[in-house]
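Right, one structure below, let's go through it.
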Amino acid sequence: MPAANESKTNGTKTTNGSKTNGGGPVTFLEAIKQAMFEEMERDPAVVVIGEDVGVYGGAFKTSEGLLERFGWERVIDTPISESAIIGAACGMSYLGLRPICEMQFIDFIACCFNQLTNFVAKGHYLWNAPAPIVVRGPSGGGVHGGPFHSANPEMYFVHTPGLKVIYPSTPYDAKGLLKAAVRDNNPVLFFEHKFLYRRIKEELPTEDYTVPIGKAAVRREGRHLTILSYAAMMHTSLEAAEALAKEGIEAEVIDLRTLLPLDEETILKSVKKTNKVLVVHEDTKTGGIAGEIAAILCEKAFADLDGPLMRVASLDTPVPYAPTLEDYFLPNAKKVFTAAKELARY
Amino acid sequence: MKKDLTRQQYLDLYYFMRLNRGVEDTMVKLFRQNKIVGGLYSSLGQEGISVGSAYALEKKDWLAPMIRNIGALLVKGVPPRDVFMQHMAKYDSPTKGKDGTSHFGDLDNLHIVSPISMLGDLIPVMAGVAIAGRYLGQKIVTMTWIGDGGSSTGVFHEGLNFAATQKAPFVLILENNLWAYSTPVRRQVPLENLADRAKAYGIASYIVDGNDVVAMYKTAKEAVDRARAGEGPILIEAKTFRRMGHAQHDPAEYVPKDMRAYWEARDPILLYEKFLTSEKLLDTKGKKEIDDKIDALLQKERDFAESSPMPPAEFAAEGVYCTGDDCHKVQAKWERDMREVMPPKSSVPAVWTVEGFGAGKGSSGGIAPIHFGDTSATTEKAENEERLAPKSPPKTIAKKKSAKTATVAAGSRKARR
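Read top to bottom, the protein sequences are chains A and B.
The working numbering applies: residue -5 is where the first sequence begins, and numbers increase by one.
The working numbering applies: residue 71 is where the second sequence begins, and numbers increase by one.
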């Protein structure tokens, strides 16, 4: 992914063309912070709970200043107890609160897997108890975090009915989707790719806005093939699409944004147009979203396909630490370019 | 047993214990008639704990039962038919057939949180309910139960420790019934008294004879009052014995005969009847009245349950997600002025500040490093690396505002990560 930087500093225009606040472009990180601040200002039922979120302001400073503004009752520093964080947040939501839980690194979400998948996710189905909680945290590799600070665990949860799973790629979406997540009555997992935290900037609108959960976005129009991606790999895909364009191949790049529920409509519409699909994700290959998309296309768009579904994903290994190893492990623009070219020729 | 409850309270405890046993006896019959589609768990001999502890709660308080706390549900106001229908997977049951046993709740009226089978999970959940109640000014207490076996789970520790750090108004009843399925307590925990676990969390604890319903009630009442007064969570170990197997399928032949005989002689209902008779609170006539009342009620409730249909098959596909306000209006009930938790009232002075730290600006105006994994964009990288290079510690740490906040600040740096 190292070569991907160029494509990420893609200027200051908003992705939806709306009026900006004139305060200059803000980072992905700042967008998250703004979303939490504004939601807490808007609704006293919104609280933040997690490890080091208060006094320290979060390991990545996404909650910096929240404690000072909203006080001890609304910004709760917890022991290192992920199950307690999720359990408590769930209990709080039963009384009408809307807690935002932080996983210091999303890797640690494994520690509360049971609480999330068995307790939180099943409540509405089983006993009609909505649990409007958000679980957010920094995810993803490319920053030499090593095997326990680089995970992309989204698919464990995409396989869990009752949860919603969001993985945005731009500051605009991060802010709008996080706000939508806070206002949603269901438990929402919100993955923040830490590689993007301060590498991309964007002007954000002045007014309050949300981005609908469950809707993909077409980031680049094209006619020869469709590249489906999300999070950091969306930028990698865009970079590859630029290189492909120089060779006369016009790739359509779609940012999935929400993985559960998946926006099948946008995917199927694009496939009807391009007839070829490449899925790019940073999650490891086996069991990644590409497999699910392949199945959906076989079921619903088999006649539209003029080539095999191809995928570029991370190796089926833990995330290695050394830069040489991690670079080899991760997808990059060159790998996407090569696969796309092969698919276009098919 | 000292006599200092009202007559009505004494009789309520008796009624609910009898009802508890009556409901479970009825379910054993239903089970033998293959009318219960799944497992059936018994609280035979533990009724005094469920009833005595739940009776200490007020209407506004919240509880979450475990599998052997049907009695607590009855005290809270759940009609027996709901318990029958849950077990029979009927469409009119609280979960409409989607779950069985005591796995159901009621957020709006009875304030019951549904349990799940993974033991200990309810502890942080009920701690969360407790602190949310405090936050909203509701002055509630929350209660849940755990067994000797469940007290070994990781989330028991996480939950109780978290509750203690938050001083949550939460009461945990640890039912030590000596057996976790087939494993005796001495092979689970190297402690004589499981109440000793409370020491690890710096919270108050009690040990009580779980087969003495009055002692159970009084202890629970004191604990609930203390929790409500702000003393933090309280652990009560109730000593008892699981008379049946883990569930109906389990004959529990691993239980020594003399142990069983000892506890059967200490049946909580039998003990309590002796007490009530000796205190002249119950006579043959009074007992018969209660017998008849319970019999009639259970017959009626059972008839209703049996006539309820199974859920329609397609119902399986419904209800995974809340579809919005038309489905559920999630609304907090504020019993304090919500301006107290909004700025400017909610604002507190900064606890600590390191100049430029985290705000994206270093002390000399450049980009400040935050954490590994947050290296800056390549354009800023060279400059940033220079700044990272000097190994001097952050320059200024502002004076702590108070001794209390200083402790928090010092504790916030963790070795683990």
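A virtual CB, placed ideally from N, CA and C, is assigned to each residue, including glycine.
In this text, all values refer to a predicted model and were calculated from it rather than measured experimentally.
Any chain B beta carbon closer than 8 Å to residue i
i, result
"ALA168/A", "no"
"TYR88/A", "yes"
"LEU61/A", "yes"
"ARG217/A", "no"
"ALA174/A", "no"
"ARG68/A", "yes"
"PRO124/A", "yes"
"LEU91/A", "yes"
"MET82/A", "It is Ala, not Met, that sits at residue 82/A in the sequence shown. True, the Cβ-Cβ gap to chain B drops below 8 Å."
"LEU324/A", "no"
"ASN179/A", "yes"
Own chain partners of residue i with C-beta closer than 7 Å, once the 5 adjacent residues on each side are dropped
i, result
"MET337/B", "Correcting the residue identity first, residue 337/B is Asp in this sequence and not Met. Taken in chain order, the residues that qualify are GLY115."
"TYR161/B", "GLY167, SER378, PRO379, MET380, PRO381"
"SER342/A", "Past the edges of chain A, shown from -5 to 340, lies residue 342/A, and the structure says nothing about it."
"GLY315/B", "PRO321, ALA322"
"LEU232/A", "SER1, ARG213, ARG214, VAL247"
"ALA53/A", "ASP46, GLN98"
Chain B residues whose Cβ lies nearer than 9 Å to that of residue i
i, result
"HIS118/A", "GLY389, VAL390, TYR391, CYS392, CYS397, HIS398"
"PHE64/A", "VAL411, MET412, PRO413, SER416, SER417, VAL418"
Interface partners of residue i on chain A, CB under 9 Å
i, result
"ASN231/B", "PRO73, SER75, ALA78"
"VAL148/B", "Those within 9 Å of VAL148/B in chain A number zero; the least Cβ separation is about 13 Å."
"VAL284/B", "Going along chain A, no residue has its Cβ under 9 Å from VAL284/B, so there is no contact; the nearest lies around 31 Å."
Cβ-based neighbour list, residue i, same chain, cut-off 6 Å, excluding 5 preceding and 5 following
i, result
"PRO141/A", "PRO312, VAL313"
"LYS166/B", "PRO381"
"TYR276/B", "THR289, ILE306"
"GLY147/B", "LEU180"
Same chain, Cβ closer than 8 Å to residue i, neighbours up to 5 away in sequence not counted
i, result
"LYS2/A", "Confidence at LYS2/A is low in this model, with a pLDDT of 35, below 50, so its placement is unreliable and the value that follows should be read with caution. Hits under 8 Å: LEU190, ARG193, ILE194, HIS229."
"LYS335/A", "LEU238, GLU241, ILE243"
Neighbour-count burial assignment, residue i, 16 or more Cβ in a 10 Å radius
i, result
"ALA338/A", "buried"
"GLN236/B", "buried"
"PHE331/A", "buried"
"ASP178/A", "buried"
"CYS292/A", "exposed"
"THR253/B", "exposed"
"HIS218/A", "buried"
"ASN179/B", "exposed"
"THR280/A", "exposed"
"GLY272/B", "exposed"
"GLN369/B", "exposed"
"LYS158/A", "buried"
C-beta neighbour in chain A for residue i, strict 8 Å
i, result
"HIS173/B", "yes"
"GLU228/B", "yes"
"GLY203/B", "yes"
"ASP169/B", "yes"
"ALA402/B", "yes"
"THR165/B", "yes"
"THR214/B", "no"
"LEU177/B", "yes"
"ALA452/B", "Residue placement at ALA452/B is poorly supported in this model, since its pLDDT is 41, which falls under 50; the coordinates still yield a value, given next. No - not a single Cβ of chain A is within 8 Å of the one on ALA452/B."
"VAL294/B", "no"
"LEU206/B", "yes"
"VAL183/B", "yes"
Under 8 Å by beta carbon: chain A residues contacting residue i
i, result
"ILE186/B", "ASN112, PHE113, LYS116"
"MET196/B", "GLY85"
"MET408/B", "PRO38"
"VAL199/B", "GLY85, MET86, TYR88, LEU89"
"THR235/B", "THR72, PRO73"
"VAL255/B", "Going along chain A, no residue has its Cβ under 8 Å from VAL255/B, so there is no contact; the nearest lies around 24 Å."
N-terminal and C-terminal residue of the beta strand (DSSP E) that residue i is part of
i, result
"GLY131/A", "128 to 133"
"THR278/A", "271 to 278"
"LYS158/A", "158 to 160"
"LYS309/B", "304 to 309"
"CYS95/A", "92 to 96"
Within chain B, the residues that residue i reaches when beta carbons sit closer than 8 Å
i, result
"ARG108/A", "Correcting the residue identity first, residue 108/A is Asn in this sequence and not Arg. Chain B residues near ASN108/A: MET188, ASP191, VAL225."
"GLY156/A", "VAL390, TYR391"
Segment limits, alpha helix (DSSP H) that includes residue i
i, result
"MET213/B", "No alpha helix (DSSP H) holds MET213/B; the beta strand (DSSP E) holding it covers 212 to 217."
"ASN90/B", "77 to 102"
"TRP132/B", "Where TRP132/B is concerned, there is no enclosing alpha helix (DSSP H), although the beta strand (DSSP E) it sits in stretches over 132 to 134."
"ASN231/B", "224 to 235"
Cross-chain neighbours of residue i in chain B, by beta carbon under 7 Å
i, result
"PRO302/A", "Near PRO302/A there are no residues of chain B at all, since even the closest Cβ is about 32 Å away, more than 7 Å."
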